[in-house]
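One structure below.
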Amino acid sequence: MNRLEHIRFEIPVIGKTCPVAIIGAGGIVEGAHLPAYRLAGIPVAGIFDIDMSKARNLAAAFAIPFVYDSIRQMATENGCSCIYDIAVPGRAIPEVIRQLPDHSFVLMQKPMGENEQQAEQILQLCRQKHITAGVNFQLRYAPYVLMAKQMIAEGLLGDICDLEIYVNVYTPWHLWRFLYGAPRVEILYHSIHYIDLVRNMLGEPAGIFAKTTRHPKMQQLRDVKSNIIMDYGDLVRVNISTNHTHDFGLHNQDAFIKIEGTKGVIKTTLGVLMNYPDGVEDSFEYILADEHPSEWKTLPLNGSWFPHAFIGSMHELIKARQGIISCPDNSVEDCVNTMRLVEKAYKASKA
Ligand SMILES: NC(=O)c1ccc[n+]([C@@H]2O[C@H](COP(=O)([O-])OP(=O)(O)OC[C@H]3O[C@@H](n4cnc5c(N)ncnc54)[C@H](O)[C@@H]3O)[C@@H](O)[C@H]2O)c1
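Under numbering that gives the first Met the number 0, the residue at position 227 of the sequence shown is numbered 226, and the numbers go up by one with no gaps.
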């Protein structure tokens, strides 16, 4: 018997909850938001997209009862009786929030605006409108991350001294047309998840160093590869290394998070990033120094980043609305600090 059998991910039991109203009917809503809500039994009241045909298609595919003509109509009909779920490009978020009711509950897709200035603007808007808002930094709630957090909380790894996120894959950026011409790409739209995860696990770093680079064959895109170091002092190394341009087959593609402590290590692969969009299976491996024999073992994964992690970010808003928690873990007040680090990373890269 594996002594760590209790380390496992379960879909949270959400019970009776108000519905979600979705703004944006793009790839991420189809591929992750709606499948996650279906798994967790979270009802969807309706959907809106400036491209009505996309909203209608998703409504048909997921049995969503209502397609709204405008955000104003959605806001008038639902008031504060739903959670607004925004999944539009970062730069469009402030204008959407302006149209939502005061005192409502909102989950917005990352990034929280296109830069730090917009993130601060979103934060101020939410404060002025007394909106309880969270950011969809869902990697925090991915099954393997929750399992790793459980092992860390039980002291199984000892003191964390090395955290590494390594990605060497081919990402078909052309799937996201809005990234063409965007002034920032890789850190703002991808490595932001890892910066946020590290903050979520280790707290605020003393600093951040970064170099983000382009690719000769992808001149239309800004940064597509990054090296990021987060400074946690002399005893903890945090390294994020991403290359999304490895267009040489699956053989040497890799994507993992390695969390190393004084008493043990976890290495979990991010299968969704490899062979994108089909993905490959995830794995969760660990080794503990005090086990005899001390050898690498695996734990089963009862879910993945897509879509299971998306349950966690919405669950935070549901718990906040139900008064179970006073503030979502992924609140804009917290997540603005991820945006501040992203800004510092771009400044460091330029310098
Ligand atoms: N892991 C993740 O958290 C993750 C993964 C992918 C995308 N995203 C984020 O989700 C957002 C959307 O990504 P996507 O992949 O769905 O892109 P997409 O291009 O497939 O879809 C975006 C949709 O938003 C709609 N839209 C744009 N402005 C709007 C507005 N003002 N009101 C209503 N609808 C509007 C567009 O018509 C489009 O249908 C992006 O910000 C992206 O960063 C997050």
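No residue lacks a Cβ here, since even glycine has one placed at the ideal position from N, Cα and C.
Not one heavy atom of ligand 1 lies closer than 7 Å to the C-beta of G278. In terms of Cβ geometry, V19 and M313 form a close pair [threshold 8 Å].
In the three-state reduction of the DSSP assignment, E185 falls in the helix class, which pools H, G and I.
Here DSSP, grouped into helix, strand and coil, assigns E280 to coil.
For M107, the enclosing beta strand (DSSP E) has its first and last residue at 104-108. The region 218-229 and the region 254-267 do not touch, with fewer than three beta-carbon pairs separated by less than 8 Å. About 32 Å separates the CB atoms of H5 and D84; that is not less than 8 Å, and the two are not in contact. Residue nearest to F61 within the set R71, A74, A44 is A44 (criterion: CA-CA distance).
Contact annotation, A35 with I265: C-beta distance approximately 24 Å; criterion of less than 8 Å not satisfied. When rounded, the separation of the alpha-carbon atoms in G202 and N226 is 20 Å. The C-alpha of C125 is placed about 26 Å away from the C-alpha of G26.
Secondary-structure assignment with DSSP links T16 through no beta bridge to anything. Only residues of its own chain outside the window of five on either side were considered, and among them I21, L57, A86 have a CB closer than 7 Å to the CB of V28, listed in chain order. Inclusion of L155 and K262 in the CB contact set at 8 Å is warranted, their separation being smaller than that value. Within its own chain, the residues whose Cβ lies closer than 7 Å to the Cβ of W304, once the five positions on either side in sequence are excluded, are L138, A141, L269, V271, listed in chain order. For Y169, DSSP records a beta bridge to T244.
Note that the region 272-281 does not touch the region 97-112; fewer than 3 beta-carbon pairs, one per stretch, sit closer than 8 Å. Out of V237, V166, D195, the CA that lies nearest to the CA of V223 is found in V166. Here the C-alpha atom of G40 lies approximately 35 Å from the C-alpha atom of I239. When P11, N135, S69, R176 are compared, the shortest CA-CA separation from Q98 is found for S69. E115 is not a Cβ neighbour of R90, given a cutoff of 8 Å. In the DSSP assignment, S225 falls within the unbroken beta strand (DSSP E) covering 224-230. Of the residues P64, F177, N242, the one whose Cα lies closest to the Cα of V168 is N242. Under the three-pair Cβ rule at 8 Å, the region 118-137 counts as touching the region 323-340. Here A24 really is in contact with K53; their C-beta atoms are around 4 Å apart, less than 8 Å. In the DSSP annotation of this structure, V66 is not part of any alpha helix (DSSP H), being labelled neither H nor E. In the DSSP secondary-structure assignment, N238 is bridged to E163, I228.
Per DSSP, the unbroken beta strand (DSSP E) holding N135 starts and ends at 131-135. For Q108, the Cβ falls inside the 7 Å cut-off from some heavy atom of ligand 1.
Between N301 and E9, the beta carbon gap of about 7 Å places them in contact (Cβ cut-off 8 Å). A Cβ-Cβ distance of about 12 Å is found for the pair I228 and Y193, leaving them out of contact under the 8 Å criterion. Excluding the 5 residues flanking it on each side, E185 has same chain C-beta neighbours closer than 6 Å at T211, D222, V223, S225, in chain order. Boundaries for K216: no beta strand (DSSP E) harbours it, and the DSSP string shows neither H nor E there.
Per DSSP, the continuous beta strand (DSSP E) segment holding T268 begins and ends at 263-268. G25 has its CB nearer than 7 Å to a heavy atom of ligand 1.
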